[in-house]
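Quick note on numbering: the UniProt record's numbering labels position 289 of the sequence shown as 289, and the sequence is numbered without any gaps.
So the structure is just underneath, and the comments pick up after that.
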Amino acid sequence: MSPVTRHCLMHWLWLSMAVAFIASSSVGCGQRPAVEREGASTSNWQDLLSSQATTLHDSEASNEWVTRPTDTIGSDACMECHPKQADAFKQTTHAQSMRRIQREELPLGGDFVDSESRRFYEAEMTDDGMQHRESIFGADGELIARNSIDLVYEIGSGAHAHTYLGKRDGYWIESPLTWYEQANQWGLSPGFDGEDSAMFDRAITTTCVFCHAGEVQADKVQSSQFSITHASIGCERCHGSGAQHVADQRSDQNLSLSELNIVHPGKIARENREAICSQCHLQGIVSSSSSDFDRWDFQPGELLSEHVTEFQLDEGEESFRIVGHTEQLHQSECYLQTEVLSCVTCHHPHPVSDQAVVYRDLCIGCHASSSSCDVPLSVRIETQQDQCQTCHMPKRPTDVTHAALHDHRIAVHDESYLLAELSIPESDSVPKSKKPRLVAISATDHLTKTERDRRRLLAFHSLASSGGLPGSMKDDFKIAQRELVELFKSGVNDASVRTTLANSYFAAGSWATAERLARSVVETEVAGSHASIGAMDVLARVALKRQDNEAARSSYQELTEMRRVSGDHFMLGVCELNANRIEPAIVAFEQALRIDSTLIVAHEYLAQIFQAENRMDRSRLHQQAARRLRGLSQN
């Protein structure tokens, strides 16, 4: 069989870049397809995948593990001296943020049909927990592909949703299926879009689990491969690593409060205390951090803004985001006019279990009495049980399907008037359409101008690369590209800046400059880091442009060992074919299909390979899969 032409190689170049997705959509339930799950089809292409592809990743780990955060000892060690506080914390939703699946706590199994993709999902309880399955049927009702995952961890306290994690090829994978408590039904997980082709390919990183897991151990070389050593948020997330504190307490020293080597959030400045909450409760559309900072490096007592800046698009009316609590609170007059109000005013980290929080009493603490409210008491009692937060922090739908939360902007909202049985007053100002801007929603004043510019420009580029930049900001992005070049020339040349510029120069056709920048990152950064992966991706694409098949093959081989992306395996398969290495090409294409069973071009390449090898049965199966998938995409 002759090698694939260079023209074909270039044709599929951009597939390797399709690795980011930020989306959410409405989903719906439907009836089970007429085709039964078992015996729906005769021999299926998935049954014949080679077993070689399943061991590609686990064997690459260095077996040198690092604990994040460092010097942690676990919440159990705190109970020896602080049993009441530890027991009280266990009753909070933070203590339920992640846990191993317990069979008795699972929602009932069931079926779900996504209205966008028309895919059929099943949730089934097993002896070890739960399994989720996805079935993709052609227009003729025949099964095209079936994917499944055995789930190990459940994310979320369960108050709003239950999302699940399982492991594949050494990577943690998020299931596309979530149980929504308020709606009492299954639906697509946050961020999944029914129009996405691959639904079982979302690899979870240590950054992804940061707001849910208390402690992880990550491979020193491949940080994307990790184990969860403490599921759920623990004491040290708010109080800091406790190893030295415990050691000091077990010595017979008489230590002052300042020498306890532990953080007491109630005894630090408000902005430092709120930084602890902002680790997870302040998130914009994109963030940018200082050089070499990892979320797990943050220590309570510090200012989070020293390390990370969150950005949002200021474009007038915006959707109500599910993670915007801190930003919303900071917009409240109640917050701005006092130095006392903070997150823990209402959300005590160690609540008394048999004493419900009466939020109205907290409001009355500052607002002398309820008589200051203009709404008659009888109306307040009838419409909101005389609870201030019901009226001034109304519950509203978020940008995540089936999840409604309280608006933390303490104010008089339109809902406030409706609850008070009053008409919403007409606004004196006429809304004006304005050009969106990328603005920081976390403090930046204490940063140098150079660091503020660096974070803003990197955030701009990150938003553009993810496809989240509005078309009206195209000219602003061109300015941002020029500004980042000038910043680099002034001496700001950390790995993130170099990788970002490498991508910009590649897009502009300056391959030599892109390669030089990318290679400098690969040679200086730890393999598997975010910057090194991005730089290796640039080197792979540069090699393709230069028709250097061996260099491209080498780069894609390394990428497949650093991340789980179907496009990397597909392009590796193309490079193997160009080198006339048929069996390695088959393995690479099949691994691409293990990740994304709907990758039509991989089916087509395998069909051609098996036909040339006179393996007609297998060729026919992939031809059928490609044809049916194309039929679905055209409907």
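Glycine included, C-beta positions come from ideal geometry on N, C-alpha and C.
Hey, how far is the Cα of residue i from the Cα of residue j?
| i | j | result |
| --- | --- | --- |
| Gly-284 | Thr-205 | 19 Å |
| Thr-54 | Gly-240 | At Thr-54 the pLDDT is 49, less than 50, meaning the model places this residue with poor confidence and gives no usable figure here. |
| Asp-596 | Asn-614 | 26 Å |
| Thr-326 | Ala-275 | 9 Å |
| Val-35 | Gly-573 | Because Val-35 sits at a pLDDT of 33, beneath the cut-off of 50, its placement in the model cannot be relied upon, and the point is left open. |
| Leu-304 | Val-565 | 31 Å |
| Met-199 | Ser-423 | 46 Å |
| Arg-541 | Ala-552 | 7 Å |
| Leu-632 | Ser-117 | 9 Å |
| Pro-265 | Cys-277 | 10 Å |
| Phe-610 | Ala-145 | 19 Å |
| Arg-620 | Ala-626 | 10 Å |
| Asp-292 | Pro-376 | 56 Å |
| Thr-598 | Met-130 | 24 Å |
| Ala-139 | Val-113 | 15 Å |
| Asp-476 | Leu-313 | 13 Å |
| Gly-110 | Phe-120 | 11 Å |
| Ser-290 | Pro-349 | 29 Å |
| Lys-545 | Asp-617 | 36 Å |
| Ala-420 | Asp-407 | 17 Å |
| Lys-395 | Asp-414 | 12 Å |
| Phe-21 | Ala-368 | Note that Phe-21 has pLDDT 25, beneath the 50 cutoff, so the model's placement of it is unreliable and no number is given. |
| Ile-173 | Asn-549 | 31 Å |
Taking C-alpha atoms, which residue in the options lies nearest to residue i?
| i | options | result |
| --- | --- | --- |
| Arg-360 | Met-571, Cys-391, Glu-515 | Cys-391 |
| Gln-547 | Arg-563, Met-562, Val-565, Asn-578 | Asn-578 |
| Glu-215 | Gln-46, Trp-296, His-264 | Trp-296 |
| Ser-288 | Phe-460, Ile-479, Leu-151 | Phe-460 |
| Phe-311 | Thr-67, Val-439, Glu-154, Ala-518 | Val-439 |
| Glu-315 | Cys-78, Arg-437, Ile-144 | Arg-437 |
| His-536 | Ala-514, Ala-183, Leu-559 | A quick correction: the sequence has Met, not His, at residue 536. Ranking the options by Cα distance to Met-536, first place goes to Leu-559. |
| Phe-506 | Ala-495, Ile-479, Asp-494, Leu-539 | Leu-539 |
| Ser-223 | Glu-64, Thr-444, Ile-268, Phe-610 | Glu-64 |
| Cys-363 | Pro-351, Val-344, Pro-376, Cys-334 | Cys-334 |
| Ser-462 | Ser-442, Asn-272, Ala-480, Asp-252 | Ala-480 |
| Ser-529 | Val-344, Glu-174, Ala-495 | Ala-495 |
| Gln-102 | Ala-512, Pro-176, Glu-195, Gly-158 | Gly-158 |
| Val-286 | Tyr-121, Gly-301, Ser-175, Gly-468 | Gly-468 |
| Ile-149 | Pro-394, Ile-600, Gly-156, Ala-203 | Ala-203 |
| Leu-329 | Ser-232, Glu-306, Leu-282, Thr-309 | Leu-282 |
| His-245 | Cys-81, Lys-435, His-569 | Cys-81 |
Is it buried or exposed, residue i, if we count other Cβ atoms within 10 angstroms and call 16 or more buried?
| i | result |
| --- | --- |
| Asn-254 | exposed |
| residue 684 | Because residue 684 is not part of the residues shown, which for the chain are 1 to 635, the question remains open. |
| Ala-531 | buried |
| Asp-219 | buried |
| Val-263 | buried |
| Thr-446 | The sequence as given places His at residue 446; Thr does not occur at that position. The residue is exposed, with fewer than 16 neighbouring Cβ atoms inside 10 Å. |
| Phe-298 | buried |
| Ser-490 | exposed |
| Gln-623 | buried |
| Val-521 | buried |
| Val-66 | exposed |
| Ser-251 | exposed |
| Met-562 | buried |
| Cys-366 | exposed |
| Thr-398 | buried |
| Met-473 | buried |
| Gly-471 | exposed |
| Leu-593 | buried |
| Val-308 | buried |
Which whole-angstrom value describes the C-beta separation of residue i and residue j, a residue pair presumed to lie in contact below a C-beta threshold of 8 Å?
| i | j | result |
| --- | --- | --- |
| residue 645 | Val-526 | Missing from the structure shown is residue 645; the chain here goes from 1 to 635 and no further. |
| Val-492 | Thr-450 | 6 Å |
| Arg-409 | Ser-332 | 6 Å |
| Glu-154 | His-162 | 5 Å |
| Ala-213 | Ile-228 | 5 Å |
| Cys-575 | Tyr-605 | Between Tyr-605 and Cys-575 the Cβ distance is about 12 Å, and since that is not below 8 Å, they are no contact. |
| Leu-151 | Ser-115 | Wrong, their Cβ atoms sit about 24 Å apart, outside the cutoff. |
| Gly-301 | Asn-272 | 6 Å |
| Ser-232 | Arg-99 | 6 Å |
Under 8 Å between C-beta atoms, does residue i make it to chain D?
| i | result |
| --- | --- |
| Trp-296 | Among the protein chains of the structure shown there is no chain D, as only one such chain exists. |
Check whether the Cβ of residue i lies closer than 7 Å to any heavy atom of the ligand FAD, and answer yes or no.
| i | result |
| --- | --- |
| Glu-515 | Ligands are entirely absent from the displayed structure, and the ligand FAD is therefore not among its contents. |
Inset, instruction - Evaluate contact between the stretch 470-485 and the stretch 495-510, counting only Cβ atoms and requiring at least three cross-stretch pairs below 8 Å. - result: yes
Legend entry - Segment contact, 8 Å Cβ cut-off, at least three pairs: the stretch 327-342 with the stretch 376-383: no
Inset, instruction - Report yes or no: do the stretch 186-196 and the stretch 579-594 share at least 3 C-beta pairs separated by less than 8 Å? - result: no
Legend entry - Segment contact, 8 Å Cβ cut-off, at least three pairs: the stretch 154-170 with the stretch 80-87: Under the 8 Å Cβ criterion, the stretch 154-170 does not count as touching the stretch 80-87, having fewer than three qualifying pairs.
Inset, instruction - Give a yes or no on contact between the stretch 66-74 and the stretch 241-248, applying the rule of three or more CB pairs nearer than 8 Å. - result: yes
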